[in-house]
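Participant: Attaching a single structure in structure tokens format; questions to follow.
There are 2 protein chains.
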Amino acid sequence: MDIAAVARRAGVSTATVSRVINSSSKVRENTAAKVRAAIEELNYRPNSSARCLRSGRSNLFGIIVSDIRNPFFPDLIEHFELLATQHGIDVTIANTGYNEQRLVAAVRRFFERGIDGLAIFTSEVSNATIELLRSADVPVVFLNQPALAGDFRTVTVDYIQGFVEAIEHLRMLGHKKIGFLAGPVTQNSANRRRKAFLAAMKACDLSLRDEWIFEGDHRLTGGRFAAERLFTMRNAPTALVCSNDMMAIGFLETASRLERRVPDEVSLIGFDDLFVCEVVHPALTTLHLSRKEIATRAFYALQASRNESLEHEPAVISPYLVPRASTGSVARLKSKAG
Amino acid sequence: MDIAAVARRAGVSTATVSRVINSSSKVRENTAAKVRAAIEELNYRPNSSARCLRSGRSNLFGIIVSDIRNPFFPDLIEHFELLATQHGIDVTIANTGYNEQRLVAAVRRFFERGIDGLAIFTSEVSNATIELLRSADVPVVFLNQPALAGDFRTVTVDYIQGFVEAIEHLRMLGHKKIGFLAGPVTQNSANRRRKAFLAAMKACDLSLRDEWIFEGDHRLTGGRFAAERLFTMRNAPTALVCSNDMMAIGFLETASRLERRVPDEVSLIGFDDLFVCEVVHPALTTLHLSRKEIATRAFYALQASRNESLEHEPAVISPYLVPRASTGSVARLKSKAG
DNA sequence: TTCGCAAATGTAAAGCATTACATTTTGTGC
DNA sequence: GCACAAAATGTAATGCTTTACATTTGCGAA
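Residue numbers (this note's numbering), protein chains in the order written: chain A, -15 to 322; chain B, -15 to 322.
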């Protein structure tokens, strides 16, 4: 059941069979039909190792995420995979668990397999990794690494605009003491969010105290710790914006355990809009970030790289606020306190 | 940067280099060291297409899940991938979205890539698919397809035992009118859960009315609809066991929207123990199903197949009850009603 | 009918690692 | 120092497809 068998059966050469399979050059319709019939009858499937070895193309895209347990990423994966499959491209996935070592290992493995494109949806990207990526001649697209836009394609999120929207929303509700639950300093994507938040606060003419910035880890745990801290500090912020939903959800969980009420005691805003936001209590106000759009932009960026179409306009995604029950008027809060 | 370059640099033949890489036969330590040095210096990485083509081994396992958005599966994937990586095996993932077509397509693609093992964590498995799997000589392991245990390795969940535990728990709380929110009839795994629930009810000497069985889809939606039905029916069950957590969570969401109280008006039990169970309101009582154990058993089943070790004992996983806030005493319920 | 050109098809090399088999080296016992 | 078995290494074929280049076919014009 190799290509030679098909060729014999169809009474043509292997080259012709190959041409039919790849539609790489014209074959008379008559001949093509015979070949297709033979393929069908023998139930032939080309061996992708051989194809990849010979042609240098694998028809395989790699996608690397930092935390597959964060529902943000499965969404991203699903959209990306669907799109790729529609284009006849396979996708292979790696999860780093926020670990740079695992990222490098994954990149190596992918390169050995000769992937044709690589989407990196993680933030822990060291210089060594960048070098590694540069050395291989493979199209790469990053999420939220605008600093790399010179060398690689990028899809970035307009965090500032998103945070401004969140802060405006809180201000309308009367909040002035707004805190931020940040991601780990070791991740440059988390740092971008942090900086964007500061910039947004400045843009909104609000001042931010150092002790209103809480350090987190982008997982549930980070939110849990932050809640314990916030509810025991004096002069706590009346509203907290979180760097992602997972932490906001962890915050809610602990708040509920401590019998503290959101938004009555503190208003909370997340980031991402995971499906869980609708089912937690109270439903979480958050900034929606479209996974479909990110996946689509990333995918086409890779396709464009492959086709040497060199227009290099970085895609920018705008999040937007989805108001739910976790944010409330500061007046209500004060009346309770007083 | 092919193997010949390494061989030249180390002053040996390509065969020797290959032997060092694969530790396939003895090489004098002295020689091996030279080879390793050459590999290091040239930063050589073997081309996996060539290896796979020649050896017939790809060092690649495939894993297919039915719904990557259901947090159950990312957990499974993470554990499986971690284990595989530790054993030097790559993992490639496909998501079917409960669609049999996509399952078949994924299997085909995987076979073309010459995967060495395939873990199928989906339930929509048709006979045509079984045939396809049988025709290829690749180790396969299924989750919850005990009917296939004759032909393939399987990991199964002891649903009956799990449901008995859930029902006993409810009975202790005084419930006798217990309903079931089932998964789609088109999935045989869902059917197994349904049958197991019926068996468990019988084992507990409880009777079950037909109208207390709700049809769902194993996603949030199914739970939402079920809640709307249950809260408007007369003679509704006082407790509801769900075929999975996603539906239970959808149920909670709609209950909250309808301002109906769980467990005051109805007790709710889920299945899986997703991370969200702790953060929804009320926290969801559920049956914990260990993803780590499933992943581990499945992985070693594949490894065993590869090594021709033919002991064929199907692994059985026992879920256990995790009581949380969504189940309550029926007395409390009656006092409210009365 | 014949010529010439473009289109279609065929031939065979190449891509890179593994491995059966052949050959050389090493080490042991005398 | 020699013979011989065992261990280490080398040679070259092999896996399957793609593709550069060579050849044949088809077709319109003369």
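The beta carbon of each residue, even a glycine, is placed where N, CA and C say it ideally should be.
Note that the coordinates shown come from a computational prediction; the quantities given were computed from them, not determined experimentally.
Which residues in the same chain have their Cβ closer than 8 Å to the Cβ of B/T311, if we skip the five residues on either side of it in sequence?
Facilitator: For the purposes of this step, residue 311 of chain B is taken as residue 327 along the second sequence, with counting starting at 1. Once the five neighbours on either side are set aside, the close Cβ partners of B/T311 are H153, L154, L157, A223, P247, S251, L252, I253 and T269.
Participant: DSSP puts B/R251 in a beta bridge; with which residues?
Facilitator: Taking the first residue of the second sequence as position 1, residue 251 of chain B is located at position 267. According to the sequence displayed, residue 251 of chain B carries Ser and not Arg. Answer is B/A223, bridged to B/S251.
Participant: Put A/R3 into one of helix, strand or coil per three-state DSSP.
Facilitator: Residue mapping note: residue 3 of chain A aligns to position 19 of the first sequence, counting from 1. Here A/R3 sits in helix by DSSP.
Participant: List the DSSP bridge partners of B/R137.
Facilitator: As a first step, residue 137 of chain B is located in the second sequence; it is residue number 153 there, counting from the start. Bridge partners of B/R137: B/V125.
Participant: Closest to B/L258 by C-alpha separation, out of B/K276, B/R245 and B/E149, would be which residue?
Facilitator: Along the second sequence, read from residue 1 onward, the residue named residue 258 of chain B stands at position 274. Per the Cα distances, B/K276.
Participant: Are the region -12 to -4 of chain A and the region 58 to 70 of chain B in contact at 8 Å, needing three or more beta carbon pairs?
Facilitator: Not touching, per the Cβ criterion.
Participant: So B/D74 is in the beta strand (DSSP E); what residue range does that whole segment cover?
Facilitator: In the second sequence, the residue the question calls residue 74 of chain B occupies position 90. Note, B/D74: beta strand (DSSP E), D74 to N79.
Participant: With a 10 Å radius around its C-beta and 16 neighbouring C-beta atoms as the bar for buried, classify B/T0 as buried or exposed.
Facilitator: Within the second sequence, numbered from 1, the residue matching residue 0 of chain B stands at position 16. The residue is buried, with at least 16 neighbouring Cβ atoms inside 10 Å.
Participant: Based on the DSSP secondary-structure assignment, which residues constitute the bridge partners of B/L271?
Facilitator: Reading the second sequence from its first residue, position 287 is the one you call residue 271 of chain B. Paired residue(s): B/F255 and B/L305.
Participant: Are the region 86 to 106 of chain A and the region 37 to 57 of chain A touching by the rule of at least three beta carbon pairs closer than 8 Å?
Facilitator: They touch, by the three-pair rule.
Participant: Exposed or buried, which one is A/N54 when buried takes at least 16 other CB atoms within 10 Å?
Facilitator: For the purposes of this step, residue 54 of chain A is taken as the residue at position 70 of the first sequence. Buried.
Participant: Counting only Cβ pairs nearer than 7 Å, list the residues of chain B close to A/L236.
Facilitator: The residue labelled residue 236 of chain A in the question sits at position 252 within the first sequence. Chain B residues near A/L236: V263.
Participant: To the nearest angstrom, report how far apart B/G40 and A/R38 are at their CA atoms.
Facilitator: The residue labelled residue 40 of chain B in the question sits at position 56 within the second sequence. The residue labelled residue 38 of chain A in the question sits at position 54 within the first sequence. Those two C-alpha atoms are separated by around 16 Å.
Participant: May I have the straight-line CA-CA distance separating B/G322 from B/K160, to the nearest angstrom?
Facilitator: For this step, residue 322 of chain B is matched to residue 338 along the second sequence. For this step, residue 160 of chain B is matched to residue 176 along the second sequence. Reliability fails at B/G322, whose pLDDT of 37 lies under 50, so the model's placement of it is uncertain and no value is given.
Participant: Is B/V49 near the ligand FMN - that is, is its Cβ less than 7 Å away from at least one heavy atom of it?
Facilitator: With respect to the ligand FMN, the structure shown offers nothing to examine, as it has no ligands at all.
Participant: Between the C-alpha atoms of B/Q171 and A/D121, what's the straight-line distance to the nearest angstrom?
Facilitator: Locating residue 171 of chain B in the second sequence gives position 187, where the first residue counts as 1. Locating residue 121 of chain A in the first sequence gives position 137, where the first residue counts as 1. About 44 Å.
Participant: Could you check the C-alpha separation between A/Q70 and B/T80 for me, to the nearest Å?
Facilitator: Counting from one through the first sequence, the residue named residue 70 of chain A turns up at place 86. Counting from one through the second sequence, the residue named residue 80 of chain B turns up at place 96. Answer to the nearest angstrom: the Cα atoms are 13 Å apart.
Participant: Under 6 Å Cβ to Cβ from B/V264, same chain only, skipping five residues before and after it: list those, please.
Facilitator: The count along the second sequence starts at 1 and reaches residue 264 of chain B at position 280. Closer than 6 Å at the Cβ level, and outside the excluded window around B/V264, lie I233 and L236.
Participant: Tell me whether the beta-carbon of A/S50 lies closer than 8 Å to the beta-carbon of A/S8.
Facilitator: Along the first sequence, read from residue 1 onward, the residue named residue 50 of chain A stands at position 66. Along the first sequence, read from residue 1 onward, the residue named residue 8 of chain A stands at position 24. No, the pair does not count as a contact, with Cβ atoms beyond the cut-off.
Participant: Three-state secondary structure (DSSP) at B/L242?
Facilitator: Looking up residue 242 of chain B in the second sequence gives position 258. Correct three-state label for B/L242: coil.
Participant: Sort out for me which residues DSSP pairs B/E199 with in a bridge.
Facilitator: In the second sequence, residue 199 of chain B corresponds to position 215, counting from 1. B/E199 pairs with B/A166.
Participant: Quick one: residues in its chain with C-beta nearer than 8 Å to the C-beta of A/P30, no 5 flanking neighbours on either side, listed in chain order?
Facilitator: Here residue 30 of chain A corresponds to residue number 46 of the first sequence, with the count starting at 1. Cβ neighbours of A/P30 beyond the five flanking positions: I(-13) and I5.
Participant: For B/V264, which beta-bridge partners are listed by DSSP?
Facilitator: Here residue 264 of chain B refers to the residue found at position 280 of the second sequence. DSSP, once it has assigned bridges, lists A/V264 as partnering B/V264.
Participant: From the beta carbon of A/L204, is the nearest beta carbon of chain B less than 8 Å away?
Facilitator: Counted from its first residue, the first sequence places residue 204 of chain A at position 220. By this cut-off, A/L204 is an interface position.
Participant: What are the residues of the region 32 to 43 of chain A that lie near chain B, defined by any Cβ-Cβ distance shorter than 9 Å?
Facilitator: Within the region 32 to 43 of chain A, the residues whose Cβ lies closer than 9 Å to some Cβ of chain B are S32, S33, A34, R35, C36, L37, R38 and S42, listed in chain order.
Participant: By the criterion of Cβ-Cβ separation under 8 Å, what are the contact partners of B/E96 in chain A?
Facilitator: The count along the second sequence starts at 1 and reaches residue 96 of chain B at position 112. Correct list: R29, P30, N31 and S32.
Participant: Would you say A/E212 reaches chain B, if we count a Cβ-Cβ gap shorter than 8 Å as a contact?
Facilitator: Reading the first sequence from its first residue, position 228 is the one you call residue 212 of chain A. With 8 Å as the cut-off, A/E212 does not count as an interface residue toward chain B.
Participant: Please confirm whether A/V109 and A/Q129 have their CB atoms less than 8 Å apart.
Facilitator: Here residue 109 of chain A refers to the residue found at position 125 when the first sequence is read from its first residue. Here residue 129 of chain A refers to the residue found at position 145 when the first sequence is read from its first residue. Taking 8 Å as the Cβ cut-off, A/V109 and A/Q129 qualify as a contacting pair.
Participant: When DSSP labels each residue in this structure, what does A/L190 get in the three-state scheme?
Facilitator: On the first sequence, position 206 is the one that residue 190 of chain A refers to. A/L190 falls in the coil class under three-state DSSP.
Participant: Taking all protein chains shown into account, decide if B/S227 is buried (16 or more other Cβ within 10 angstroms of its Cβ) or exposed.
Facilitator: Residue mapping note: residue 227 of chain B aligns to position 243 of the second sequence, counting from 1. Under this definition B/S227 is a buried residue.
Participant: Please confirm if A/I52 has its CB atom under 8 Å from at least one CB of chain B.
Facilitator: Taking the first sequence and counting its residues from 1, the one referred to as residue 52 of chain A is at position 68. By this cut-off, A/I52 is an interface position.
Participant: Only counting the same chain, and skipping five residues up and downstream in sequence, which positions put a Cβ closer than 7 Å to that of B/S274?
Facilitator: Mapped onto the second sequence, residue 274 of chain B falls at position 290. If we look at B/S274 and ignore the five residues flanking it on each side, its Cβ neighbours are I301.
Participant: Can you find the residues in the same chain that come closer than 8 Å, C-beta to C-beta, to B/T76, ignoring five residues on each side of it along the sequence?
Facilitator: Translated into the one-based positions of the second sequence, residue 76 of chain B becomes position 92. Excluding residues within five positions, the ones whose Cβ falls inside 8 Å are L44, F45, G46, I47, F94, R97 and I99.
Participant: For B/A133, collect the residues of the same chain with a Cβ closer than 7 Å to its Cβ; drop the 5 residues on either side in sequence, then sort them by chain order.
Facilitator: For this step, residue 133 of chain B is matched to residue 149 along the second sequence. Correct list, in chain order: P298.
Participant: Quick one: what does DSSP say B/L(-5) is sitting in, helix, strand or coil?
Facilitator: Locating residue -5 of chain B in the second sequence gives position 11, counting from the first residue. Contrary to the premise, residue -5 of chain B reads as Gly rather than Leu in this sequence. Coil, per DSSP.
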